[in-house]
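K.L.:
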Amino acid sequence: MSEVAREVPGLPVPKSGARKRFAFLLSLTLLGLLLLLWVILAISTDSFATTGNFVNLMRQASLWTIIAIGQTFVIITAGIDLSVGAVVGLASTVVAMLLVAHVPIALACLITLAMGVAIGMFHGFAIVQMRLPPFITTLATLTALRGIGLLMTGGQTIAGFPRSFGAFSRGAVLGIPNLFWMVILVAIPAGLLLHQTRWGRHIYAAGSNPEAARLSGINVGRTIYLAYIISATLAAFAGILTASRIGIGVATTGDGWELQSIASSVIGGTSLFGAVGTVIGPVLGAILLTTINNGANLLNVNPFWQRVITGGLIIVIVYFDQRRRRRS
Amino acid sequence: MELRGVDKRFTGTYALKAVSLAFEEGEIHALVGENGAGKSTMIKILTGAYERTGGEIRWRGDEVALATPHDAIALGINAVHQEVVLCRHLDVAANMFLGDERSGGGFLQKRRMRREAQRVLDDLGFHIDAGAMLGELTIGQQQLVATARAAMRGTRFLILDEPTGYLTRQETDQLFRLVRRLNADGVTIVYISHRMEEIFELSHRVSVLRDGVLIATHVTAETDERALIRDMVARSIEEVHYKEEVSQGETLLRVTDFSGPGFNDISLDVRKGEVVGLYGLVGAGRSEFVQCLFGRTRATGGTVEFKGKSVDIRRERQAIDLGIALVPESRRDQGLCLNLGVGFNLNAPIFDRLSRGPMMDAGAERRAAGGQIRDMRIVTASQGALAATLSGGNQQKIVIGKWLSHGADLFIFDEPTVGVDVGTKVEIYKLIAKLLHNGAGVILISSYLPEVRDLADRLHVFRAGRLVASYRPREVEQETILREAIGV
């Protein structure tokens, strides 16, 4: 898959002369833009380039990164998972209720992850067996899962976790926040799975042309199940981490995160038409989005303006990224 | 229309180089050449889709810019492409009036358009209902609609790009009648086809392109097929007898009273070393039959024996593991992952062999794909080049090559040479001969009668989902086979 390797943002594409320099700049779009933003923020604010803020930024980015990676698997199959935000909310509620009921932490996490697997399997069933469009399927579960979370809690906040559960998300190892270690724990196996295994190949094939994939003997149905299970399970994992981070279970947590995850993935070079995308892409995309939010806070930008700016930036970034791709 | 020294460059390489060619008013001018010879580029320049990078174009003596499709349409230049570019979800009449709708007081006059469209279709002798959804017609009928549409709009210069690739003989005849009639009305026709007999049947003059250069223009009546092919490929094609006699071995496949979606009660055998041809009109159930055999759809009755064992194939993977390979009808829709690499496509059936446990072995992948690219002589910039960037012939080689990588005992080819240049066609025929020599059996579906007739040892004719006749094809006249397929 040299093709995929070549699409990793940040890797220069060899060209000649002045053209080479231009192509190099364009190929740096994402990583370059990210570093540029960091430099600008470091200069223009006192508080950006501090350890405290950086650790905070990494923590914030972690949750979006994890769901964006899952989302990317689904988008590469030419699908979409609108339910990830709702799964985050439900998972944070479920894990909270289990912990409050004195279920051991490990077991509570496992049960919550299993719920994620089950939700992913349901998506697979609806899309493969019932032949529903992914957009509709996950739009329906987005609505329904939020409702289930609210029903379970009656809209109340759930508090009273064991101290060690909350301590995890505040802790750090080797100066890197635990939450960011979780990103590494997810991204490396995800990268191996997508880029180095035959199941990863099947995901690309199913997203490019399911009919051709089928006639080549690839089990497209199973591949689609796999992608949605990964997405929902990672969303459930993000839900657990969110509960640990904010110290309470709230059914409405993760509201709108599905859009953040899609945006991160697309900024990271994933094509909504399928078969194009990497794991490193959504990681950079999510960090970039978090940086924009973080920077805007530090610069005291009106939070309403932040939304407008984020929207505009998504269009600009994706436009330049596509131009770069067409060039190479 | 006259081209003088027309060039088209793409980042350093010439797609067309100093082409000077005059189309005389009212002639039928055939254009031939291998895939990638520059025919498509020429059409795109003539229709304003591409802007030329050099040279001039004269229309009735005056130089014209021809920089946009709008310029071309204004001059009365129209093209009908091999892949129909119309709206499948609109009815035939709406398509025929697309962009030129009849309306009164701001409202569409649907009934009037339907009436007028129907009159045109009837007039041309096409049995097509103007109220039918375009997507419900066969590809052949859609092609006829596209041509009729071009004929309606005061076209003075009509380009037909491989119009007969998906047409049955009957539809081809209807198309030819239309072309001759337009021509008699003074329309200049540029006719592009890989099928030699059509060129000799229809055209007044014929031009040959090779590697972007105009090689020669002949008066059709003064040249012959061999001379044209020589011009096209620049290497003299030895009288290839594609088919050597291979001694046929034991029965490989035996299908008895096999039924499924689109076909009923099919019984036939394939032996090792044998080509079994399936001929019929488009929609006669041939593709449906092989797709079902391959596990793509579920059979509703009958039995299948493969290599002496009774089998019930429910999934494509099962067919592949048994040793059956299918080269599907449409390489774009069924054969290729167009936005993935050449190497990826070639290796698709053998990912499990190229991996250790779940992990892919990148070296093995490169070697496997590289070997196949070399053996099949696939012209590609790299293994990672997207399949979409290759010419039709090279794409078809990928679709065939992936099954050679995998290996099989029974090869099913569904229209393997549609839209493929002469050189590749010969390579495909040779390849089939080699497969037979190695003891494989072949099922060949083709709508091109000379092809199945030449290659097949036995020929079965399908009509309306049933197997209606079987022949030793070289012992019967083409007309007999055709009549059986049409059912007259």
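Residue numbers (my numbering), protein chains in the order written: chain A, 148 to 475; chain B, 207 to 694. Note that CB positions come from ideal geometry on N, CA and C, so glycine has one too. Quick caveat, the model's predicted, so the values are computed rather than measured.
1) Using a C-beta cutoff of 7 Å, does I526/B count as contacting chain A?
2) Using beta carbons (cut-off 7 Å, strictly below), is N449/A in contact with chain B?
3) Does the region 176–189 of chain A come within contact of the region 308–317 of chain A, defined as at least 3 CB pairs closer than 8 Å?
4) In terms of residues, what are the limits of the beta strand (DSSP E) holding E511/B?
5) Can you pull out the residues from the region 360–390 of chain A whose beta carbon lies closer than 9 Å to at least one beta carbon of chain B?
6) Going by beta carbon distance, what residues of the same chain come within less than 6 Å of G415/A, once the five residues before and after it are set aside?
7) Taking the C-alpha atoms as reference points, what is the distance between I335/A and I305/A?
8) With DSSP collapsed to three states, give me the class of E480/B.
9) Using a Cβ-Cβ cut-off of 7 Å, state whether A352/A counts as contacting chain B.
10) Should E428/B go down as buried or exposed, given a rule of 16 or more other Cβ atoms within 10 Å for buried?
11) Figure out for me which residue from A587/B, A243/B, M248/B and R523/B has the closest Cα to the Cα of G211/B.
12) In chain B, what lies closer than 9 Å to A208/A by C-beta?
13) Measure the alpha-carbon distance for L436/A versus T457/A and round it to whole angstroms.
14) Leaving aside the five residues before and after R441/B along the sequence, list all residues of the same chain whose C-beta is less than 8 Å from its C-beta, in chain order.
15) Below 6 Å CB to CB, which residues in the same chain sit around A675/B once its five sequence neighbours on both sides are set aside?
16) Look up P324/A in the DSSP assignment and give the residues it is bridged to.
17) Within 10 angstroms of the Cβ of K636/B, are there 16 or more other Cβ atoms? Answer buried if so, exposed if not.
18) Hey, I687/B and L661/B are a contact pair by Cβ (cut 8 Å); roughly how many whole angstroms apart?
19) Can the beta-carbon of G226/A be found closer than 7 Å to that of P281/A?
20) Span of the alpha helix (DSSP H) holding V658/B?
21) Is it right to say V658/B is buried, meaning 16 or more other beta carbons lie within 10 angstroms of its own, or is it exposed?
22) Give a yes or no on whether the minimum CB-CB distance between E154/A and chain B is below 7 Å.
23) Would M565/B be called buried (16 or more neighbouring beta carbons within 10 Å of its own) or exposed?
24) For T370/B, which option in F363/B, L364/B and T378/B has the closest C-alpha, if you only look at C-alpha atoms?
25) Would you report the Cα separation of G629/B and W265/B, rounded to the nearest angstrom?
26) Judging by CA-CA distance, which residue of G418/B, D297/B, L420/B and V414/B is the nearest neighbour of E431/B?
27) Between which two residues does the alpha helix (DSSP H) carrying A353/A extend?
28) Tell me whether A554/B is buried or exposed, calling it buried when 16 or more other Cβ atoms sit within 10 Å of its Cβ.
29) Do I365/A and H342/A have their CB atoms nearer than 7 Å?
30) Pick helix, strand or coil for T259/A, following the three-state DSSP scheme.
31) How is H333/B classed by DSSP in three states: helix, strand or coil?
32) Let's see if you can read the secondary structure: which residues bound the alpha helix (DSSP H) around R387/B?
P.N.:
Concretely, from the data shown:
1) Taking the second sequence and counting its residues from 1, the one referred to as residue 526/B is at position 320. Cβ-Cβ to chain A under 7 Å: yes for I526/B.
2) Start at 1 with the first residue of the first sequence, and residue 449/A comes out as number 302. Answer no: the Cβ-Cβ gap between N449/A and chain B never drops below 7 Å.
3) no
4) Start at 1 with the first residue of the second sequence, and residue 511/B comes out as number 305. Its beta strand (DSSP E) spans residues G507 to F512.
5) A360, R361, L362, S363, G364, I365 and N366
6) For the purposes of this step, residue 415/A is taken as the residue at position 268 of the first sequence. Same-chain partners within the cutoff: G428, P429, L431 and G432.
7) Sequence index remark: in the first sequence, residue 335/A carries index 188 (1-based). Sequence index remark: in the first sequence, residue 305/A carries index 158 (1-based). Rounded to the nearest angstrom, the two C-alpha atoms are 33 Å apart.
8) Within the second sequence, numbered from 1, the residue matching residue 480/B stands at position 274. The answer is coil: DSSP assigns E480/B none of H, G, I, E or B.
9) Taking the first sequence and counting its residues from 1, one reaches residue 352/A at position 205. Yes - at least one Cβ of chain B is within 7 Å of the one on A352/A.
10) Along the second sequence, one-based indexing puts residue 428/B at 222. Exposed, since its Cβ has fewer than 16 Cβ neighbours within 10 Å.
11) Indexing the second sequence from 1 puts residue 211/B at position 5. Out of A587/B, A243/B, M248/B and R523/B, M248/B has the C-alpha closest to the C-alpha of G211/B.
12) Walking along the first sequence from the start, residue 208/A turns up at place 61. Within chain B, no residue comes near A208/A; the closest Cβ sits about 29 Å away, beyond 9 Å.
13) The count along the first sequence starts at 1 and reaches residue 436/A at position 289. The count along the first sequence starts at 1 and reaches residue 457/A at position 310. Taking the straight line joining both Cα atoms gives about 7 Å.
14) Here residue 441/B refers to the residue found at position 235 of the second sequence. Any answer about R441/B is weak, because its pLDDT of 47 lies below 50 and its placement is not dependable; what the coordinates show is given next. Result list for R441/B: empty, nothing under 8 Å.
15) Sequence index remark: in the second sequence, residue 675/B carries index 469 (1-based). If we look at A675/B and ignore the five residues flanking it on each side, its Cβ neighbours are V667 and E690.
16) Mapped onto the first sequence, residue 324/A falls at position 177. Answer by DSSP bridge pairing, in chain order: A319/A.
17) In the second sequence, counting from the first residue as 1, residue 636/B sits at position 430. Classification of K636/B: exposed, given that the 10 Å Cβ count is below 16.
18) In the second sequence, residue 687/B corresponds to position 481, counting from 1. In the second sequence, residue 661/B corresponds to position 455, counting from 1. Not quite, the Cβ-Cβ distance comes to about 14 Å (not below 8 Å), so this is no contact.
19) One-based indexing of the first sequence puts residue 226/A at position 79. One-based indexing of the first sequence puts residue 281/A at position 134. It is a contact, given that the beta carbons lie within the stated cut-off.
20) Start at 1 with the first residue of the second sequence, and residue 658/B comes out as number 452. Run containing V658/B: L655 to L661, per the alpha helix (DSSP H) assignment.
21) For this step, residue 658/B is matched to residue 452 along the second sequence. Buried, since its Cβ has 16 or more Cβ neighbours within 10 Å.
22) For the purposes of this step, residue 154/A is taken as the residue at position 7 of the first sequence. Note on E154/A: pLDDT 36, under 50, position unreliable in the model; the coordinate value appears next. False, the Cβ-Cβ gap to chain B never drops below 7 Å.
23) Your numbering for residue 565/B matches position 359 in the second sequence. M565/B comes out exposed.
24) Position 164 of the second sequence holds residue 370/B. It is T378/B whose Cα lies nearest to the Cα of T370/B.
25) Looking up residue 629/B in the second sequence gives position 423. Looking up residue 265/B in the second sequence gives position 59. C-alpha separation (whole angstroms): 34 Å.
26) Start at 1 with the first residue of the second sequence, and residue 431/B comes out as number 225. Nearest option by C-alpha distance: V414/B.
27) The residue given as residue 353/A occupies position 206 in the first sequence. Element bounds for A353/A: R345 to S355.
28) Start at 1 with the first residue of the second sequence, and residue 554/B comes out as number 348. Buried, because 16 or more other Cβ atoms sit within 10 Å of the Cβ of A554/B.
29) Along the first sequence, one-based indexing puts residue 365/A at 218. Along the first sequence, one-based indexing puts residue 342/A at 195. No, the Cβ-Cβ distance between I365/A and H342/A is not below 7 Å.
30) Position 112 of the first sequence holds residue 259/A. Looking at T259/A - three-state DSSP - the assignment turns out to be helix.
31) In the second sequence, the residue the question calls residue 333/B occupies position 127. Reduced to three states, the DSSP call for H333/B is coil.
32) Taking the second sequence and counting its residues from 1, one reaches residue 387/B at position 181. Run containing R387/B: R375 to A390, per the alpha helix (DSSP H) assignment.
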